[in-house]
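*Asks:* End of the sequence shown sits at 236 in the working numbering; the numbers just go up one at a time, nothing left out.
Sharing a structure with you now.
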Amino acid sequence: MSWHTGRLAGFDLETTSPDPLTARIVTACIVQLGGQQPTVAANWLTDVDGEEIPDGAAAVHGISTEKAHAEGVDLRAAVEEILGALTQAILAGIPIVAMNARYDFSVLDREAQRYGFQPLPDAVVIDPFVIDKQVDRYRPGKRTLTALCDHYDVRLDGAHSADADAVAACRVAWRQATRYPQLAAMTLDELHAAQVGWAAEQAASLQEHFRKTRPDAVVEGAWPLIPRQREASQ
């Protein structure tokens with residue numbers, strides 16, 4: 003049985019910032035689906051630890067500072083629950099599907115670090131963004147989740163809400179495996195290892211492109227998580 007016909011766990015965050023090292027979690031979703039089992043979703047809206055949600059971020063996901071502070075749960079408690087839910091899936095052998103996983107996993111890891119929680123155990127991660135850039139590297143246009151849903155004929159209900167994005171990422175990954183047999187033929191460990199290499203190559207290529215006009219440009223190549231020690235050494 004190929005990995006895409008088994009259980010998948012979609013993971014998505016909406017946050018305060020595009021910088022994964024400083025962003026705070028506003029909403030989160032973990033949805034388990036497939037494998038001939040019922041779909042089960044867990045959602046969180048946090049109080050952002052009392053911080054402000056910039057207008058630009060609120061315009062993307064639709065959650066204002068006022069709503070988060072009034073209706074959100076304690077961010078520390080939410081982070082602990084998110085870590086617990088993901089750990090449970092990981093230990094059950096379920097791959098975690100995340101669009102642009104480097105961002106979401108790094109945001110969660112830094113939140114865990116702030117609150118003194120243990121990091122996630124090593125996970126098998128499936129990243130439709132990294133996979134798409136590998137299997138169709140010369141296709142022009144955007145590679146946002148919305149664009150990938152259009153390209154792979156996946157319905158996206160409510161882009162930039164964590165629950166809709168988590169489900170859509172799983173559907174895109176499933177479509178990628180059905181469209182590209184070489185992906186379906188890989189074991190989960192093989193696919194994860196391949197993505198580590200692909201992400202590094204993609205970052206190096208993008209960095210080379212940027213340095214034509216910005217000689218000091220740096221593009222992060224670590225995947226699916228920016229290491230803590232790298233941040234500390236900067």
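Where is the CB? At the ideal position from N, CA and C, for every residue including glycine.
1) By the DSSP assignment, the beta strand (DSSP E) with GLU53 in it spans what residues?
2) Buried or exposed: LYS214, going by 16 or more other Cβ atoms within 10 Å of its Cβ?
3) Identify the continuous beta strand (DSSP E) that holds GLU16 and give its terminal residues.
4) Just checking my contact of ALA91 with ALA11 at CB under 8 Å: how many whole Å lie between their CB atoms?
5) Is TRP225 helix, strand or coil by DSSP?
6) Mapping DSSP to helix, strand and coil, what is SER235?
7) On the CB-based measure, 16 or more other CB atoms within 10 Å of its CB, does TYR140 come out buried or exposed?
8) Excluding the five sequence neighbours on either side, which residues of its own chain have a C-beta within less than 8 Å of the C-beta of GLU186, listed in chain order?
9) Report the three-state DSSP secondary structure of LEU44 (helix, strand or coil).
10) According to DSSP, what are the bridge partners of ALA30?
11) What residues are listed by DSSP as bridge partners for LEU35?
12) Spatial neighbours of SER235 within its chain, please: CB distance less than 6 Å, with the 5 preceding and 5 following residues excluded, ordered by chain position.
13) Is the beta carbon of LEU15 closer than 8 Å to that of ASP106?
14) Shortest alpha-carbon distance to HIS63 belongs to which of ALA30, VAL220 and LYS135?
15) Mapping DSSP to helix, strand and coil, what is VAL220?
16) Run through the DSSP bridge pairs and tell me what ILE98 is partnered with.
17) So, for LYS238: in the same chain, excluding its five sequence neighbours on each side, which residues have a beta-carbon less than 7 Å away from its beta-carbon?
*Replies:* If we stick to the structure as given:
1) Position 51 of the sequence shown, counted from the first residue, corresponds to residue 53. No beta strand (DSSP E) holds GLU53; DSSP gives it neither H nor E.
2) As a working mapping, residue 214 is identified with position 212 in the sequence shown. Exposed.
3) Translated into the one-based positions of the sequence shown, residue 16 becomes position 14. Run containing GLU16: 9-17, per the beta strand (DSSP E) assignment.
4) For the purposes of this step, residue 91 is taken as the residue at position 89 of the sequence shown. For the purposes of this step, residue 11 is taken as the residue at position 9 of the sequence shown. With a Cβ gap of about 4 Å, ALA91 and ALA11 count as contacting.
5) Taking the sequence shown and counting its residues from 1, the one referred to as residue 225 is at position 223. TRP225 falls in the coil class under three-state DSSP.
6) Numbered from 1 along the sequence shown, position 233 holds the residue referred to as residue 235. Residue confidence is low: SER235 scores 48 on pLDDT, short of 50, so the model does not pin down where it sits. Its coordinate-derived value is still stated next. Of the three classes helix, strand and coil, the one that applies to SER235 here is helix, per DSSP.
7) By one-based count along the sequence shown, residue 140 stands at place 138. TYR140 should be labelled exposed.
8) Position 184 of the sequence shown, counted from the start, is the residue given in the question as residue 186. Note that residue 186 is Ala in the sequence shown here, rather than Glu. Hits under 8 Å: SER4, TRP5, HIS6, ALA179 and THR180.
9) Your numbering for residue 44 matches position 42 in the sequence shown. In the sequence on display, residue 44 carries Ala and not Leu. ALA44: strand per DSSP, three-state reduction.
10) Here residue 30 refers to the residue found at position 28 when the sequence shown is read from its first residue. ALA30 pairs with LEU15 and TRP46.
11) In the sequence shown, counting from the first residue as 1, residue 35 sits at position 33. Its beta-bridge partners are LEU10.
12) Taking the sequence shown and counting its residues from 1, the one referred to as residue 235 is at position 233. Residue confidence for SER235 is low, a pLDDT of 48 falling below 50, so the modelled location carries little weight; the figure read from the coordinates is stated next. Cβ neighbours of SER235 beyond the five flanking positions: none.
13) For the purposes of this step, residue 106 is taken as the residue at position 104 of the sequence shown. For the purposes of this step, residue 15 is taken as the residue at position 13 of the sequence shown. For ASP106 and LEU15, yes; Cβs fall inside 8 Å.
14) As a working mapping, residue 63 is identified with position 61 in the sequence shown. When each option's Cα is compared against that of HIS63, the closest is ALA30.
15) Within the sequence shown, residue 220 is the residue found at index 218, counting from 1. It is coil, neither helix nor strand.
16) Taking the sequence shown and counting its residues from 1, the one referred to as residue 98 is at position 96. In DSSP, ILE98 forms a bridge with ALA11 and VAL127.
17) Since the first and last residues shown for the chain are 3 and 236, residue 238 lies out of range.
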